[in-house]
Amino acid sequence: MLAPAKLGIAAVSALLVIALFSPLLVFLMEAQGNPEEYMYVKAAARPLNRTHVEVTVAVLYSGTVPLRDFAVTINEREVAVGDVSRGNNTRTVVLGVGDLGSGPLRITALSYRVAGLYYIKAYMG
Amino acid sequence: MRGVRRTLLSIIKKVLGGVLTGLAYYLVYVVLLPQVLSAVFRAPLGVGYAAPFIALFVALGTAESVLRSHPVSIPLRVISKLLGALILYVVLNGGRLEMEVTGGGAVLRTELDVSPLLHAVILLSLLYGSMDAFSYYTARDST
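First to last, the protein sequences are chains A and B. The opening residue of the first sequence carries number 41 in the working numbering; numbering runs sequentially from there. The opening residue of the second sequence carries number 12 in the working numbering; numbering runs sequentially from there.
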């Protein structure tokens, strides 16, 4: 009675762990297989008036695992892009002139959740 | 005389079985898992020191084996699973890993949170451990 139950729990546990781990493993394998073209992020700003600028963030993603809560830190300001899937993902936000600081636009960090589960934050430079 | 020899052989067999079980736990939790996870996450992972873990795993394995048909084997089995889970938690730094990834010609510092996976592995191993603890009843009924 106990041995089949233990075997059943072990088998179900192994399947659950594989199912939970597979999105991260696929993401890491795809990213390491093609690191140069896997993800490309760019940001551009256009002045709207004296006080506000329109910032467009484009994320070109060639992976198959969806990324949730994608956010780009431009200078010191975090801009939420939302969910990112394969292809071109663009988000436009309006910010105050002072929000991005005085220097040129510079992406300093990217953060997202792989398949909505595993939080990743990458710091540039 | 033959009876004493048989008892002695049975004790030696149980102790050896326990030592091997302890070493197997040590190999899985302290050696194999950190190496596999280091290769997957490309981050240096490990507990740094091995002797206390070998000693504890071997001691627990031996105690489990020798006391298989005694009720004290129930907590011992749970403790060995808890120890494995604790080592996994320490090795993975509570699920928060830091690594350096090369992308676009630059080296990026990256933080990765694998705590959902870690929590699932720990909870499932505790579930299995609590089921395994009741092997005492099987061992008792077979003696």
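Just so you know, even glycine gets a beta-carbon here, dropped at the ideal spot from N, CA and C. This structure is a prediction, so every number in the text was calculated from the model and none was measured.
Using the beta-carbon of each residue, which ones in chain B are nearer than 7 angstroms to residue i?
i: F61/A; result: L128
i: A45/A; result: M142
i: I49/A; result: L138, Y139, M142
Run down chain B in chain order and give the residues with a C-beta less than 9 angstroms from the C-beta of residue i.
i: Y158/A; result: L123, D124, V125, S126, P127, L128
i: A162/A; result: V112, G114, L119, R120, T121, E122
i: I147/A; result: Near I147/A there are no residues of chain B at all, since even the closest Cβ is about 11 angstroms away, more than 9 angstroms.
i: A120/A; result: None at all; the shortest Cβ gap to chain B is about 18 angstroms.
i: L100/A; result: Simply none; closest approach about 13 angstroms.
Is residue j closer than 8 angstroms to residue i when the C-beta atoms are compared?
i: L150/A; j: A85/A; result: no
i: V102/B; j: L48/B; result: yes
i: A162/A; j: L128/B; result: no
i: R87/B; j: L93/B; result: Note that residue 87/B corresponds to Leu in the displayed sequence, not to Arg. No; because the gap between Cβ atoms is not below 8 angstroms, this pair is not in contact.
i: V154/A; j: T104/A; result: no
i: S166/A; j: E77/A; result: Here chain A has residues from 41 to 165 only, and residue 166/A is not among them.
i: Y158/A; j: D124/B; result: yes
i: V171/A; j: V81/A; result: Absent from the structure is residue 171/A, since the part of chain A shown begins at 41 and ends at 165.
i: Y36/B; j: G72/B; result: yes
i: P147/B; j: P82/B; result: According to the sequence displayed, residue 147/B carries Tyr and not Pro. Yes; because the gap between Cβ atoms is below 8 angstroms, this pair is in contact.
i: I147/A; j: A98/A; result: no
Where does the unbroken beta strand (DSSP E) through residue i begin, and where does it stop?
i: V52/A; result: It is not in any beta strand (DSSP E) - V52/A instead sits in the alpha helix (DSSP H) that spans 42 to 73.
i: R53/B; result: Careful: R53/B lies outside any beta strand (DSSP E) and carries neither H nor E.
i: P87/A; result: 79 to 87
i: Y101/A; result: 92 to 101
i: R117/A; result: 117 to 124
When DSSP builds the beta bridges, which residues end up paired with residue i?
i: T121/B; result: A162/A, M110/B
i: S151/A; result: A111/A, K161/A
i: N129/A; result: V99/A
i: G156/A; result: Answer by DSSP bridge pairing: none, since G156/A is not bridged.
i: G136/A; result: H92/A
Using a C-beta to C-beta distance shorter than 7 angstroms, which residues of chain A count as neighbours of residue i?
i: V102/B; result: Here the premise fails: no neighbours, minimum Cβ distance about 16 angstroms.
i: T149/B; result: L42
Starting from residue i, find everything on chain B with Cβ-Cβ shorter than 8 angstroms and list it in chain order.
i: V57/A; result: L128, A131, V132, L135
i: A53/A; result: One point to set straight first is that residue 53/A is Ser, not Ala, in the sequence displayed. L135, S136, L138, Y139, listed in chain order.
i: L166/A; result: No statement about residue 166/A is possible, as the shown extent of chain A runs from 41 to 165 and does not include it.
Taking 8 angstroms as the CB-CB cut-off, is residue i touching chain C?
i: T73/B; result: In the structure shown, chain C does not exist; the protein chains are A and B.
Where do the N-terminal and C-terminal ends of the alpha helix (DSSP H) with residue i fall, by residue?
i: G72/B; result: 62 to 77
i: D143/B; result: 126 to 144
i: T18/B; result: 13 to 37
i: Y40/B; result: Per DSSP, Y40/B belongs to no alpha helix (DSSP H) and is neither H nor E.
Which residues of chain A have a Cβ atom closer than 8 angstroms to the Cβ of residue i, listed in chain order?
i: F145/B; result: L42
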